[in-house]
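Notes follow the structure.
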Amino acid sequence: MALVVQKYGGSSVADADSIKRVARRIVETQRAGNQVTVVVSAMGDSTDELMDLAQQVSPDPPGRELDMLLTAGERISMALLAMAISDLGAEARSYTGSQAGLITDRYHGQARIIDVTPGRIQAALAEGAIPIVAGFQGVAQDTKDITTLGRGGSDTTAVALAAALDADVCEIYTDVDGVFSADPRLVPAARQVPYITYEEMLELAAHGAKVLHLRCVEYARRFDVPLRVRSSFTDKPGTLVVHEIEENIAMEQPIISGVSQDLSEAKITVTAVPDLPGEAALVFETLAGIGVNLDMIVQNVSADGSTDITFTLPNADLGAASAALLARQEEIAFGELLQDEGIAKVSLVGAGMRSHPGVSATFFRTLADAGVNVEMISTSEIRISVVTRAEDAAKAVQALHTSFGLNAEGEAVVYAGTGR
Ligand code: ASP
Ligand code: MG
């Protein structure tokens with residue numbers, strides 16, 4: 348008997364019929380001799396709708412209340428799914444994140460899981476019931492307030508539960524057949540990859556691929572949770588995320604596993620920073636002080652004893668970061684602060700880059716031929732990323748996908764979802 352954790356995303360439980368379809372899949376898994384624990388997201392785009400509603404009531408809602416509101420979405424789907432399962436003659440019991448033992452820190456909207464105590468889930472499983480857990484939420488250890496794990500966080504709930512329950516596999520059900528070489532909504536010729544390493548998946552998730560939540564992949568790698576991404580609309584095996592591609596299939600593995608775009612970042616340049624020790628430290632301490640996560644950082648060579656520093660950061664933090672830097676403009680002694688929201692980051696990821704020369708040459712030639720201007724560059728051992736104009740991103744992704752030979756014969760199927 349295997350212990351399986353199944354996570355169903357919003358598009359898989361978007362309406363009553365979908366909920367009944369998912370219920371059948373869950374009951375079939377149990378009847379095939381498995382113990383099943385389920386994690387659900389909110390129905391369809393309902394989290395976005397709750398967000399919009401909050402905005403209409405208040406321009407800047409308190410984090411505690413916003414989390415309380417958003418967690419209602421998952422409570423709706425968990426209860427409906429439990430009802431549908433019960434109609435099929437199996438026993439299901441729904442639990443909020445707090446009831447399921449998902450203990451987090453206190454940071455509303457971006458809480459981190461610090462402990463999982465799934466006593467009630469284990470008890471339900473022992474009695475032959477199917478626990479249905481609301482994804483994306485937990486309870487803060489110190490304040491006891493309800494928290495959320497950040498958008499897309501249900502994936503992380505599923506992996507955290509799978510690790511705590513020592514499950515045999517964590518299956519992430521979505522509206523496409525698995526992990527693709529690019530977002531099929533952007534590149535219809537994207538191909539589904541049967542295997543991908545945690546390392547490649549981390550790079551893709553960190554650079555705009557939305558198929559898996561970044562922290563879910565980090566967690567799965569750390570706790571060795573076998574992770575499978577597949578569609579709830581078909582029986583296809585999907586994509587297995589693994590530590591290493593086994594030798595017998597490694598030969599056929601393409602050099603590049605995927606191309607992604609990220610439109611969620613902005614760029615700040617502080618000009619004429621004195622070229623002296625400690626200046627960059629002042630800039631980045633200021634940003635760390637308000638909890639801003641930076642991505643790319645570039646400093647130009649200095650001319651006339653001063654230099655420009657450019658970095659990218661989440662769009663949502665742009666206002667706070669600019670204000671914090673401007674408040675210390677005199678002390679840091681920089682010239683001007685320039686903001687740019689119109690950027691995108693385009694990334695190429697593949698473990699094969701380590702051993703294949705010429706990847707950068709092809710990458711930059713492709714962008715040049717597509718007429719895409721490169722504003723910033725950053726690399727890791729298995730990734731090349733550039734900042735471009737936002738309006739050039741789709742064109743860049745499509746051109747790279749083609750030039751690295753990733754196009755499949757047919758068109759990828761998107762079974763549901765608005766891609767919101
Ligand atoms: N419902 C939440 C969201 O839309 C969490 C999730 O779907 O994973 O972000
Ligand atoms: Mg998701």
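In this text, residue positions in the sequence shown follow my numbering: the first is 348, and each later residue adds one. C-beta atoms are modelled at their ideal positions from N, C-alpha and C, and glycine is treated no differently. Computed from a predicted structure; not experimentally measured.
Cutoff 8 Å; reference residue i; Cβ partners in own chain excluding five residues on either side
i, result
"Arg701", "Glu728, Ile729"
"Thr451", "Ala458, Arg459, Ile460, Ile461, Gly485, Val486, Ala487, Gln488, Thr494, Leu496"
"Leu533", "Gln608, Ala741, Val744, Gln745"
"Leu549", "Leu561, Val564, Glu565, Arg568"
"Asp655", "Thr616, Val617, Thr618, Ala619, Val620, Gln646, Asn647"
"Val721", "Phe711, Leu714, Val733, Val734, Thr735"
The ligand ASP heavy atom lying under 8 Å from the CB of residue i
i, result
"Arg371", "no"
"Asp362", "no"
"Ser501", "yes"
"Ala389", "yes"
"Phe483", "yes"
"Gly356", "yes"
"Glu421", "yes"
"Asp414", "no"
"Arg411", "no"
"Asp399", "no"
"Leu785", "An answer regarding residue 785 cannot be provided, because it is not within the stretch 348 to 767 covered by the chain."
"Leu350", "no"
"Asp395", "yes"
"Leu417", "yes"
"Arg378", "no"
"Arg498", "yes"
Cβ-based neighbour list, residue i, same chain, cut-off 7 Å, excluding 5 preceding and 5 following
i, result
"Ser365", "Ser359"
"Ala743", "Val693, Leu714, Ala717, Val719, Thr735"
"Pro531", "Val523, Ala537, Ala759, Val761"
"Arg372", "Ser579"
Residue i, enclosing alpha helix (DSSP H) - first and last residue
i, result
"Asp489", "Element bounds for Asp489: n/a, residue is neither H nor E."
"Leu549", "545-553"
"Met415", "410-434"
"Ser732", "Segment 730-736 is the beta strand (DSSP E) holding Ser732; no alpha helix (DSSP H) there."
"Gln377", "363-378"
"Val506", "501-512"
"Leu472", "466-473"
"Thr494", "Element bounds for Thr494: not the alpha helix (DSSP H) but the beta strand (DSSP E), 493-495."
"Glu626", "626-636"
"Leu747", "740-750"
"Thr709", "706-716"
"Tyr762", "No alpha helix (DSSP H) holds Tyr762; DSSP gives it neither H nor E."
"Ala567", "561-569"
Beta-carbon contacts of residue i that lie in its chain and below 6 Å, excluding the five residues immediately before and after
i, result
"Thr659", "Glu612, Lys614, Asp642, Met643"
"Ala481", "Glu421, Arg422, Met425, Thr443, Gly444"
"Ser388", "Gly356, Gly357, Gly482, Ser501"
"Gly380", "Met348"
"Asp492", "Arg411"
"Ser393", "Gly420"
"Tyr542", "Leu587, Val589, Ile592"
"Ala514", "Leu350, Val352"
"Ser649", "Asp622"
"Asp414", "His455, Ile493, Thr494, Thr495"
Extent of the continuous beta strand (DSSP E) run through residue i
i, result
"Gly605", "605-609"
"Glu518", "516-521"
"Tyr442", "439-442"
"Asp462", "460-463"
"Val645", "644-646"
"Ile450", "449-451"
"Thr726", "723-727"
Residues sharing a beta bridge with residue i, DSSP
i, result
"Ile679", "The partner list for Ile679 (beta bridge, DSSP) is empty, contrary to what the question assumes."
"Pro478", "Arg440"
"Glu612", "Pro661"
"Gln403", "Answer is none; Gln403 lacks a bridge partner."
"Gln686", "Ile615"
"Pro621", "Ser653"
"Val387", "Tyr355, Ala481"
"Val589", "Thr544"
"Lys692", "Asp609, Val734"
"Arg701", "According to DSSP, Arg701 bridges with nothing at all."
"Gln382", "Leu350"
"Val576", "Ile519, Thr586"
"Gln446", "Looking at the DSSP assignment, Gln446 forms no beta bridge with any residue, so it has no partner."
"Phe527", "Gln539"
Closer than 9 Å to chain C by CB, residue i
i, result
"Ala698", "Checking the listed chains, one finds no chain C in this structure; it contains a single protein chain."
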